[in-house]
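Using this note's numbering, the first residue of the sequence shown is number 2, and each one after it goes up by one. See structure below.
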Amino acid sequence: MIVNLPVPFGKISRRCVGALKAVQAEHVAPQVYSTRSSSSTLPRITTHYTVYPRNKDPRWEGLEMERFADEADVVIVGGGPAGLSAAIRLKQLANQHEKELRVCVVEKASQIGAHTLSGACLEPTALSELIPDWKERGAPLNTPVTEDKFSILTEKYRIPVPILPGLPMNNHGNYLVRLGHFVRWLGEQAEELGVELYPGYAAAEDVFERGMELHAKVTLFGEGCHGHLAKQLYKQFNLRENCEPQTYAIGLKELWVIDEKKWHPGRAEHSVGWPLNRNTYGGSFLYHLNEGEPLVAVGFVVGLDYTNPYLSPFREFQRWKHHPSVMSTLEGGNRIAYGARALNEGGSQSIPKVTFPGGMLIGCSPGFMNVPKIKGTHTAMKSGMLAAESAFSKITDENLQSETAGLYIPEYEEAFKKSWIWKELYSVRNIRPSFHSYFGLYGGMVYTGIFYWILRGKEPWTLKHNGLDSAQLKPAKDCTPIEYPKPDGKISFDLLSSVALSGTNHEHDQPPHLTLKDDSVPVAQNLAIYDGPEQRFCPAGVYEYVPLETSDGMRLQINAQNCVHCKTCDIKDPSQNINWVVPEGSGGPAYNGM
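The structure is reproduced here in structure tokens:
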């Protein structure tokens, strides 16, 4: 398979993959981000080549379109837990069997781990399989869970709920981590084994296009939740033919330095309930980290199958922090980081076919998250390991007919279905969809307590999800607007000051990576029917409707430079008109241990 690495606009990197050469930088005029309800006066918003082909764009006339290519045995797209685990396992096997194997990992973030965001409470099962001596090697797992707390929140009160042994929320033996730091450590282990890491390179296409190419016998796609290339592969190979649509949530997170007297290293707190109503899936976490200072990670998750277009996940998060049980921990503290990311919640019902000619899907790209556990790192890592083992046996097969043709490796799918990943995900398959009842949250909790705790997922039925998250919004006229309190600047904050803490940056002279299939849709449909929900579900202030300067009416303004790469807009847009495509390499957030 061929993976294209487009050259960044306005700059040329000297870090090359093997014999790759620098290509002439592209210069594109700044873009106007606006649209009007009248198509006769509609200015173009989207100028990205995925919508406006280069051969029809006069800006590309006369530019050299030559590409430079290099070859590897395995190319891995995405330097997260899954991709790095796959790379490490491949080189372990190569060294064990004394085989030469070239493994290249391309990562769009400027540094390994800089786009990684998770809670995170890490279950070390896969890590111990991959690197048994991880403690001796200095893995940054500094905070074993020593105390579990779970509760239901009302507006003013906290109702404790016991965590019985065997329930998904029992975290005995797990670790509270800063996942970005853990991923960076995995990158160091991979490099020690001879893996070639190339941060700052965004894989833009899996087919022939302008830029730099990597040719591989096998390409592993570990882009994370709702990956840009995975979306294309689903359609190209019809990978979602026999599964339910994926369903998602958005997770928002902050890091705080708090008063040391309120700090309890090793405590993991989770809650459900307020400020969400019983029919809106979601919950929170508050983790006390032992990182040399009184640090806590606070986060809020909202299922993207919510129905009220006036709901703002970001503002629900800010409101939640004012609950007495949360505010008492944060008061007097200092917020030091913010970020957001979509996460898969479909479970085993929504996992697509994970193999196709020339490649495989690993990690959160196909969706291996255990929703009731709120954990996906261990399953992502294991999937990368399984893919590596399946690929290695095929690549090193002495009867291989071609050294360059992309390999089809169905053995990975078979290994996945026989592994503990599938057993774990199948056992909890009904917990998330059990919330789709009149009783909502409470019905789901009762189902979990009876059927999961007693039967361990062995019930002879499988519940279904409600369909695409983008189809769940009700028209604005049928919903009540939500009045959110103003941020106080101490516990709760406004959106733009929050985005500033994410370190997000994109070069200004690239075509916006937030593209629209039809520039007329936002005002004519999203604003008219749903009162512009994209200005509320985006956690970074990318989308806003503002008055037209010259006449009555509104226009959509897209502040693409604010994007934290959460992918929520691509998932939740009720018109499915927004298409998130990868920006140039190194753009986006610059998380430090999120």
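Even for Gly, the Cβ is constructed at its ideal location relative to N, Cα and C. All values derive from a computational prediction rather than experimental measurement.
Buried versus exposed call for residue i [16 or more other C-beta atoms within 10 Å across all chains shown]
| i | result |
| --- | --- |
| Tyr-439 | exposed |
| Asp-134 | exposed |
| Pro-548 | exposed |
| Tyr-453 | buried |
| Ala-392 | buried |
| Gln-237 | exposed |
| Glu-101 | exposed |
| His-116 | buried |
| Ser-272 | buried |
| Tyr-531 | buried |
| Arg-179 | buried |
| His-509 | exposed |
| Val-297 | buried |
Check: residue i C-beta below 7 angstroms from any heavy atom of the ligand MN
| i | result |
| --- | --- |
| Val-547 | As for the ligand MN, it is missing from this structure, which has no ligand bound. |
Inter-residue spacing [alpha-carbon to alpha-carbon] between residue i and residue j
| i | j | result |
| --- | --- | --- |
| Pro-145 | Pro-169 | 17 angstroms |
| Ala-486 | Gly-274 | Inspection of the sequence shows that residue 486 is occupied by Pro rather than by Ala. Cα-Cα distance, rounded: 18 angstroms. |
| Thr-397 | Lys-232 | 30 angstroms |
| Thr-449 | Ile-432 | 6 angstroms |
| Asn-593 | Ile-77 | 23 angstroms |
| Tyr-202 | Lys-109 | 5 angstroms |
| Ala-381 | Pro-367 | 10 angstroms |
| Pro-476 | Pro-534 | 10 angstroms |
| Asn-506 | Ser-576 | 28 angstroms |
| Pro-125 | Ser-521 | 49 angstroms |
| Lys-57 | Thr-47 | 14 angstroms |
| Glu-332 | Gln-319 | 14 angstroms |
| Arg-185 | Val-196 | 14 angstroms |
| Gly-114 | Phe-183 | 8 angstroms |
| Leu-142 | Glu-62 | 53 angstroms |
| Ile-492 | Cys-244 | 42 angstroms |
| Gly-139 | Ala-88 | 19 angstroms |
| Ile-160 | Ile-153 | 5 angstroms |
| Glu-261 | Arg-268 | 14 angstroms |
| Asn-580 | Gly-589 | 16 angstroms |
| Ser-35 | His-49 | In this prediction, Ser-35 has a pLDDT of 42, which is less than 50 and means its spatial position is unreliable; what the coordinates show is noted afterwards. So the two alpha carbons sit approximately 15 angstroms from each other. |
| Val-327 | Gly-385 | 37 angstroms |
| Leu-497 | Leu-215 | 38 angstroms |
| Gly-407 | Glu-414 | 17 angstroms |
For residue i, three-class secondary structure by DSSP
| i | result |
| --- | --- |
| Val-524 | helix |
| Val-78 | strand |
| Phe-238 | coil |
| Arg-90 | helix |
| Glu-176 | Note on identity: in this sequence residue 176 is Tyr, with Glu being the wrong assignment. If DSSP states are grouped into helix, strand and coil, Tyr-176 belongs with the strands. |
| Asp-532 | coil |
| Lys-136 | coil |
| Leu-277 | coil |
| Asp-571 | helix |
| His-271 | strand |
| Asp-510 | coil |
| Ala-95 | helix |
| Leu-557 | strand |
| Arg-185 | helix |
| Asn-335 | strand |
| Lys-424 | helix |
| Trp-264 | coil |
| Leu-85 | helix |
Presumed contact (8 angstroms Cβ cut-off) between residue i and residue j, rounded CB distance
| i | j | result |
| --- | --- | --- |
| Ile-572 | Leu-305 | 6 angstroms |
| Gly-174 | Gly-81 | With 8 angstroms as the limit, Gly-174 and Gly-81 do not qualify as a contact, their Cβ atoms being about 23 angstroms apart. |
| Leu-123 | Leu-290 | Contact doesn't hold; Cβ gap of about 12 angstroms is too wide. |
Top-ranked residue by Cα proximity to residue i, from the options
| i | options | result |
| --- | --- | --- |
| Asn-345 | Asn-335, Ser-329 and Gly-364 | Gly-364 |
| Gly-293 | Ile-259, Tyr-307 and Gln-350 | Ile-259 |
| Val-429 | Glu-415, Glu-130 and Lys-376 | Lys-376 |
| Gly-120 | Val-302, His-265, Leu-496 and Asp-519 | Val-302 |
| Ile-352 | Tyr-427, Ile-579 and Ile-89 | Tyr-427 |
| Tyr-249 | His-173, Pro-166 and Asp-574 | Asp-574 |
| Arg-103 | Leu-94, Pro-82, Ala-73 and Ile-89 | Ala-73 |
| Tyr-199 | Pro-523, Ser-587 and Ala-591 | Ser-587 |
| Asn-171 | Pro-373, Pro-266, Arg-185 and Gly-333 | Pro-373 |
| Leu-131 | His-466, Glu-390, His-509 and Glu-550 | Glu-390 |
| Gln-350 | Trp-421, Thr-463 and Leu-187 | Thr-463 |
| Ser-394 | Ser-384, Pro-461, Asn-371 and Glu-412 | Glu-412 |
| Gln-190 | Phe-436, Arg-90, Leu-469 and Ala-269 | Arg-90 |
| Asn-563 | Asp-149, Pro-584, Pro-314 and Arg-556 | Pro-584 |
| Thr-281 | Val-75, Asp-470, Lys-354 and Val-524 | Asp-470 |
| Thr-378 | Arg-336, Lys-418, Glu-415 and Ile-422 | Ile-422 |
| Thr-147 | Asn-335, Gly-348, Trp-264 and Gly-468 | Trp-264 |
| Asn-560 | His-466, Gly-554, Asn-578 and Cys-539 | Cys-539 |
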